[in-house]
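As they're listed, the protein sequences go chains L and D. In terms of this note's numbering, the first sequence is numbered consecutively and its last residue is 229. In terms of this note's numbering, the second sequence is numbered consecutively and its last residue is 458. In what follows, a single structure is set out as structure tokens and then discussed.
Number of protein chains: 2
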Amino acid sequence: MNIRVNPWPNRPLFLLEGTLRVNDHTNDLRRSANVQWQHTAVSREERAHIKHQKPCVVWLTGLSGAGKSTIANCLERKLHALGRHTAVLDGDNVRHGLNRDLGFTEADRVENIRRIGEVAKLMADAGLIVITAFISPFRADRDLVRSLLPPEEFIEVYINTPLEECERRDTKGLYMKARAGEIPHFTGISSPYEVPLYPEITVETASVTADECAEKIVRYLRGLETIYS
Amino acid sequence: MNIRVNPWPNRPLFLLEGTLRVNDHTNDLRRSANVQWQHTAVSREERAHIKHQKPCVVWLTGLSGAGKSTIANCLERKLHALGRHTAVLDGDNVRHGLNRDLGFTEADRVENIRRIGEVAKLMADAGLIVITAFISPFRADRDLVRSLLPPEEFIEVYINTPLEECERRDTKGLYMKARAGEIPHFTGISSPYEVPLYPEITVETASVTADECAEKIVRYLRGLETIYS
């Protein structure tokens, strides 16, 4: 018979299952029996609990120039104002760091999204609300990230901005270069963008401000009780 | 003349410099002037501030079997009990996820530590106290991670356990395999371990319990005011 002792009597045992890692080294360093509980790993539920939130990954996807980074920053600002604990992953902090070894070949673009997904998962394990802002044009890549997370913790947000509008904005001048053939495999021009089939949220930036887009996402998170209060 | 407006009058401006990212897309989506402030990215200081802690990376290094994971879990448990916001990176959650594509060649081991360092940095940017538990045998790799972080935020902890003691424990049976020549490039046996020259903390697990080792680290963090109270 397998007897389990619940070290947190106020919390149901099922919440802890699968998160209590039994460490190989535990027996080596346990010199006094009364400190054994301290060797138990802190669970992801506990890390989220002290933040008064449920962790999740808000995955923004859309064309270059659709407004992903603007909405990500706006959303983080709103969540921060509500006292929520957030992280943002975007080209600024990933391309020059973790993924600096990757280029823009198809294999590298797949690996780019895979790593971002794994980091987002680790951050959700730490209890954070993670906001990511990457084109992530392929369904298979986005679905891979979804598969890493518990149900309801992956929130796919389609930033639906028509190509013509993105191209009209062309804030970075990339569409002009892509049209001139200077950038190969440019999403929307010479490489496909696979529209999400069942995104949790769709926002239309052509008719709504970034602020309103972010507010729509906040409302969704409230509905999920990701934000408790 | 360059006039700067401090959007958080209660906090010194210098804290904000370099963290206020001006987003390329800001102008596109700003449909009304009164929401402009919301497009300002949340700074790393702000993310840490709501957690009542200063972020840092507690980098545990030492031989296989030295006790890194046990001390990491024990330390996280103590910090969590103090209401601190933590994350742990170790072989369990990195090798089968983010770094699943890496093997044990020298190049892969360097890349393993590089990616872990980049993720730790991203998590510190999110305001967390990050604890890592990897052999990380090479000084150059550890120093690379140190260089990613602001001064005082990288805390190198040398888990000083004599090779004979690690080999005596041999909880995973790896030393026996390494001695039998079944594991090439095994740290301490057939590959060097470069002892930290100037670690912030050294703990000796042969004479002190894991609990006491973790307590020593907590005391150090209090001294740094990483933990405010």
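We treat Cβ as the ideally placed atom computed from N, Cα and C, and that holds for glycine. The structure displayed is predicted, hence computed values, not measured ones.
Chain L contacts from the segment 335-351 of chain D (Cβ-Cβ distance under 8 Å): Glu340, Arg344, Glu347, Val348, Lys350 and Leu351
Can you tell me where the alpha helix (DSSP H) with Val339(D) in it begins and where it stops? Translated into the one-based positions of the second sequence, residue 339(D) becomes position 110. Unbroken alpha helix (DSSP H) run through Val339(D): Glu335 to Asp354.
List, in order along the chain, the chain D residues whose C-beta lies closer than 8 Å to that of His85(L)? Working through the first sequence from its first residue, we reach residue 85(L) at position 85. Neighbours of His85(L) in chain D, taken as residues whose beta carbon is under 8 Å from its own, are Arg276, Ile279, Lys280, His314, Ala355 and Gly356 in chain order.
If we ignore side chains and look at the alpha-carbon of each, how far apart do Tyr193(L) and Leu378(D) end up? Residue 193(L) sits at position 193 when you count from the first residue of the first sequence. Residue 378(D) sits at position 149 when you count from the first residue of the second sequence. Pairing Tyr193(L) with Leu378(D), the inter-Cα distance amounts to about 36 Å.
Within the continuous beta strand (DSSP E) that includes Leu60(L), where are the two ends? As a first step, residue 60(L) is located in the first sequence; it is residue number 60 there, counting from the start. It spans Cys56 to Thr61 - the beta strand (DSSP E) in which Leu60(L) sits, taken as one unbroken run.
Do you know whose CA, among Gly97(L), Leu144(L) and Cys213(L), lies nearest Val110(L)'s CA? Position 110 of the first sequence, counting from 1, holds the residue named residue 110(L). The shortest C-alpha separation from Val110(L) is found at Leu144(L).
Beta-carbon proximity list for Arg368(D), same chain, < 8 Å, skipping 5 on both sides: Reading the second sequence from its first residue, position 139 is the one you call residue 368(D). Within the same chain, Arg368(D) has close Cβ partners Glu423, Pro425 and Leu426.
Who pairs with Phe367(D) in a beta bridge, going by DSSP? Taking the first residue of the second sequence as 1, we reach residue 367(D) at position 138. In DSSP, Phe367(D) forms no bridge with anything.
Measuring only the C-alpha atoms, how far is Tyr158(L) from Met123(L)? Locating residue 158(L) in the first sequence gives position 158, counting from the first residue. Locating residue 123(L) in the first sequence gives position 123, counting from the first residue. The alpha-carbon atoms of Tyr158(L) and Met123(L) are separated by roughly 22 Å.
Quick one: residues in its chain with C-beta nearer than 7 Å to the C-beta of Ile116(L), no 5 flanking neighbours on either side, listed in chain order? Residue 116(L) sits at position 116 when you count from the first residue of the first sequence. The answer, listed in chain order, is Leu89, Val94, Thr132 and Phe134.
So which of Ile418(D), Leu453(D), Ser420(D) and Thr400(D) has the shortest CA-CA distance to Lys297(D)? Taking the first residue of the second sequence as position 1, residue 297(D) is located at position 68. Closest by C-alpha distance to Lys297(D), out of Ile418(D), Leu453(D), Ser420(D) and Thr400(D), is Thr400(D).
Segments assigned beta strand (DSSP E), at least 3 residues, entirely inside the segment 369-406 of chain D: 383-389
Can you give me, in chain order, the residues of the segment 161-181 of chain L that have a beta carbon less than 7 Å from any beta carbon in chain D? Arg169, Thr171 and Lys172
Tell me whether the beta-carbon of Ile155(L) lies closer than 8 Å to the beta-carbon of Trp59(L). The sequence position of residue 155(L) within the first sequence is 155, counting from 1. The sequence position of residue 59(L) within the first sequence is 59, counting from 1. Contact: yes.
Just confirm the distance between the C-beta atoms of Glu76(L) and Val271(D), as a whole number of angstroms; I'd bet it's less than 8 Å. Here residue 76(L) corresponds to residue number 76 of the first sequence, with the count starting at 1. Here residue 271(D) corresponds to residue number 42 of the second sequence, with the count starting at 1. Confirmed, Cβ separation roughly 5 Å.
Taking C-alpha atoms, which residue in His278(D), Pro284(D) and Thr290(D) lies nearest to Asp370(D)? Working through the second sequence from its first residue, we reach residue 370(D) at position 141. Cα-wise, what sits closest to Asp370(D) is Thr290(D).
Between Arg451(D) and chain L, is there a C-beta pair that is closer than 8 Å? Within the second sequence, residue 451(D) is the residue found at index 222, counting from 1. No, its Cβ sits nowhere closer than 8 Å to a Cβ of chain L.
How far does the beta strand (DSSP E) with Ala180(L) in it extend, from its first residue to its last? Taking the first sequence and counting its residues from 1, one reaches residue 180(L) at position 180. First-last for Ala180(L): undefined, no H or E at that position.
Please identify the residue among Ala210(L), Cys166(L) and Val218(L) whose C-alpha is closest to the C-alpha of Ser64(L). Reading the first sequence from its first residue, position 64 is the one you call residue 64(L). For the residues Ala210(L), Cys166(L) and Val218(L), the minimum Cα distance to Ser64(L) belongs to Cys166(L).
With the cut-off set at 8 Å, would you say Lys121(L) and Gly356(D) are in Cβ contact? For this step, residue 121(L) is matched to residue 121 along the first sequence. For this step, residue 356(D) is matched to residue 127 along the second sequence. A distance of 8 Å or more separates the beta carbons of Lys121(L) and Gly356(D).
Check the C-beta distance from Ala214(L) over to Cys74(L) and give it rounded, since I have them as a contact under 8 Å. Working through the first sequence from its first residue, we reach residue 214(L) at position 214. Working through the first sequence from its first residue, we reach residue 74(L) at position 74. About 4 Å separates the Cβ atoms of Ala214(L) and Cys74(L), confirming a contact at the 8 Å cut-off.
What are the partner residues of Asp90(L), as DSSP defines its beta bridges? Within the first sequence, numbered from 1, the residue matching residue 90(L) stands at position 90. Note: Asp90(L) sits in a beta bridge opposite Ala133(L).
Run down chain L in chain order and give the residues with a C-beta less than 8 Å from the C-beta of Glu305(D). The residue you call residue 305(D) lines up with position 76 of the second sequence. Residues of chain L passing the Cβ test: Ala41 and Val42.
Of all the CB atoms in chain D, is at least one closer than 8 Å to the CB of Gly103(L)? Walking along the first sequence from the start, residue 103(L) turns up at place 103. Closer than 8 Å: no.
In chain D, what lies closer than 8 Å to Gly97(L) by C-beta? Position 97 of the first sequence, counted from the start, is the residue given in the question as residue 97(L). The answer, in chain order, is Glu347, Lys350, Leu351 and Leu377.
With Glu204(L) and Asn160(L) assumed to form a contact (beta carbons below 8 Å), what rounded beta-carbon distance in angstroms separates them? Your numbering for residue 204(L) matches position 204 in the first sequence. Your numbering for residue 160(L) matches position 160 in the first sequence. Glu204(L) to Asn160(L), Cβ: 5 Å. Contact.
From the beta carbon of His414(D), is the nearest beta carbon of chain L less than 8 Å away? Position 185 of the second sequence holds residue 414(D). Taking Cβ atoms only, chain L never reaches closer than 8 Å to His414(D), which makes this a no.
Quick one: grab the DSSP three-state call for Gly69(L). The count along the first sequence starts at 1 and reaches residue 69(L) at position 69. Checking the sequence shown, residue 69(L) turns out to be Ser, not Gly. Note: Ser69(L) maps to helix in three-state DSSP.
Sort Glu382(D), Asp354(D) and Ala301(D) by Cα distance to Thr438(D) and report the nearest one. Along the second sequence, one-based indexing puts residue 438(D) at 209. Looking at Glu382(D), Asp354(D) and Ala301(D), the one whose alpha-carbon comes closest to that of Thr438(D) is Ala301(D).
Go ahead and pull the three-state DSSP assignment for Asp257(D). In the second sequence, the residue the question calls residue 257(D) occupies position 28. Annotation note: pLDDT 39 at Asp257(D) (below 50); position unreliable, coordinate value reported separately. Looking at Asp257(D) - three-state DSSP - the assignment turns out to be helix.
Could you say which of Leu174(L), His85(L), Ile113(L) and Ala66(L) lies nearest to Pro55(L) if we only look at CA atoms? Within the first sequence, numbered from 1, the residue matching residue 55(L) stands at position 55. That would be His85(L), whose Cα lies nearest to the Cα of Pro55(L).
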